Amino acid sequence: MNSSLKMARDIDGKAMAAIVLDEAAAQVRELAAQGIHPALAVVLVGDDPASHVYVRNKILRAGEVGIRSVERRLPAECSEAQLLAVIAELNADPSVHGILVQLPVPAHINEQAVIHAIDPRKDVDGFHRENVGGLVQGHEVLAPCTPSGCMRLLEQTCGDLSGKHAVVIGRSNIVGKPMATLLLQAHCSVSIVHSRSVDAPALCRLADIVVAAVGKPRMIDASWLKPGAVVIDVGINRIDTPQGPRLVGDVDYDSARLVAGAITPVPGGVGPMTIAYLLKNTVEAARR
Ligand code: NDP
């Protein structure tokens, strides 16, 4: 490779997540001195192997910062009423400050009913409509973890975001929409690109900041980017390669880094920030 080529700087999500976890641990110690011991309840329904890995990681990290975790496992065939009863019990338990139901839940259970059964003050995922509405209106709420983590990475990389043009690719309730809201609050001009957008690459080429949350492996390549753009790749996609399965983002990292100014790798970018902000939200819920 030509050594004179200018490569994008990697945005180190692991290092930043370690800082966020240290902050959370310090807050846990402060609360403990006041007799408050933050606790996170994690509810897992069924046997999805990926969900089991996510839950294990969350519980492990919680322990590392001194947050007690309460694990509730329900069989895949449990009824919606049984799950709602567990949530009601955790809502009523004053020793539990955060409740997370690992998504997706089995198809026979209404996901929205589950999300809205959680007490909004314990909704550490930030998915409850009360928190979503508060976020849009600029109130201090428990905000969704992945977009919060992305914002922290952007602030660390760009400093003041005011006046920058950000393009968010994807408009899901858990990533795209709250991400766009947070960028707007940071005084960016925000465009949201989705599956019906006309000439998405051209819109994206106008962006100082690109946040990709699509779920399509390596869809965004160098031709979508303005030189020097800061790229946050939320995507986590498992692909098969001749060397075996591997994780890749929604951005074609190898080509994008030849044009971008800075970029998050996958893995090691946004992923660790999501767990860190889940625990930060748990501490915040306990503090309140
Ligand atoms: P969703 O499937 O809910 O949303 C995908 C979005 O991408 C939709 O809004 C869809 O548009 C849009 N889209 C699909 N195809 C195109 C296209 N060709 N051009 C433009 N937009 C398109 O996904 P999520 O938001 O839940 O997740 C996105 C990715 O982020 C996934 O890879 C997921 O695994 C990952 N993720 C990673 C996390 C982390 O911690 N790093 C946390 C959460 C998610 P439309 O609305 O029009 O259908």
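For the sequence shown, position 124 matches number 216 in this note's numbering, and the numbering has no gaps at all. Even glycine gets a Cβ: it sits at the ideal position worked out from N, Cα and C. Keep in mind it's a predicted model, so treat the numbers as computed, not measured.
Closer than 8 Å: residue i CB and nearest the ligand GTP heavy atom
i: Met243; result: In terms of ligand content, the structure shown lacks the ligand GTP and carries the ligand NDP instead.
Identity of the residue in the options nearest residue i by Cα
i: Glu273; options: Ala292, Thr238, Gly251; result: In the sequence on display, residue 273 carries Thr and not Glu. Minimum Cα distance to Thr273 is reached at Thr238.
i: Arg297; options: Asn373, Lys318, Asp291; result: Lys318
i: His200; options: Glu156, Pro270, Ala168; result: Ala168
i: Ser187; options: Cys250, Gly127, Val193; result: Gly127
i: Leu245; options: Val362, Ala116, Gln277; result: Val362
i: Gly255; options: Asp300, Ile284, Ala292, Pro270; result: Asp300
i: Asp114; options: Val157, Val224, Glu222, Leu97; result: Val157
i: Asp291; options: Ser281, Ile261, Gly320, Pro270; result: Ile261
i: Asn183; options: Arg164, Ser161, Val162, Lys214; result: Lys214
i: Gly190; options: Cys170, Ala173, Ala205, Asp211; result: Asp211
i: Pro364; options: Ala294, Glu172, Cys242; result: Cys242
i: Ala205; options: Pro334, Val147, Ser171; result: Ser171
i: Gly251; options: Val228, Ala235, Leu275; result: Leu275
Sequence-distant residues of its chain with Cβ nearer than 6 Å to residue i (five each side left out)
i: Gly226; result: Val233
i: Asp102; result: Pro357
i: Ala387; result: This structure does not reach residue 387, given that the chain is present from 93 up to 380, and the question cannot be answered.
i: Leu350; result: Ala314
i: Gly155; result: none
i: His286; result: Arg263
i: Thr249; result: Ile103, Val322, Ala354
i: Phe219; result: Ile207
i: Pro337; result: Arg330
i: Cys280; result: Leu253, Lys256, Ala258
i: Asn223; result: Pro212, Asp215, Val233, Leu234
Expected contact under 8 Å - CB spacing of residue i and residue j to nearest Å
i: Ala352; j: Ala100; result: 4 Å
i: Val216; j: Asn373; result: 4 Å
i: Val323; j: Val259; result: So it is not a contact: roughly 10 Å between Cβ atoms.
i: Tyr369; j: Val112; result: 7 Å
Beta-carbon contacts of residue i that lie in its chain and below 7 Å, excluding the five residues immediately before and after
i: Val267; result: Thr238, Pro239, Ala305, Val326
i: Asn94; result: Because the pLDDT of Asn94 is 48, which lies under 50, any placement of that residue in the model is unreliable, and the question is left without a value.
i: Gln277; result: Gly230
i: Leu371; result: Leu113, Ala116, Arg153, Ala154, Val157, Ile159
i: Arg165; result: Leu136
i: Arg221; result: His208
i: Ser143; result: Leu136, Gln194
i: Lys269; result: Arg263
Same chain only: Cβ atoms within 8 Å of residue i, ignoring 5 sequence neighbours per side
i: Asp344; result: Arg310, Met311, Ile312, Asp313, Ala314
i: Glu203; result: Leu195, Pro196, Val197
i: Leu123; result: His129, Pro130, Val375, Ala378, Arg379
i: Ile367; result: Ala109, Asn149, Lys150, Arg153, Cys237
i: Lys308; result: Gly327, Asn329, Asp342
Residues bridged to residue i (per DSSP)
i: Thr333; result: Gly336
i: Val129; result: Correcting the residue type first, residue 129 is His in the shown sequence and not Val. DSSP, once it has assigned bridges, lists no residue as partnering His129.
i: Arg310; result: For Arg310, which the question treats as bridged, DSSP gives no partner whatsoever.
i: Leu113; result: In the DSSP output, where bridge partners are listed per residue, Leu113 has none listed.
i: Arg165; result: Leu136
i: Ile324; result: Val303
i: Ile284; result: Val260
i: Leu192; result: Val134
**Report entry** Cβ pair count under 8 Å reaching 3, the region 135 to 146 against the region 108 to 123
**Finding:** no
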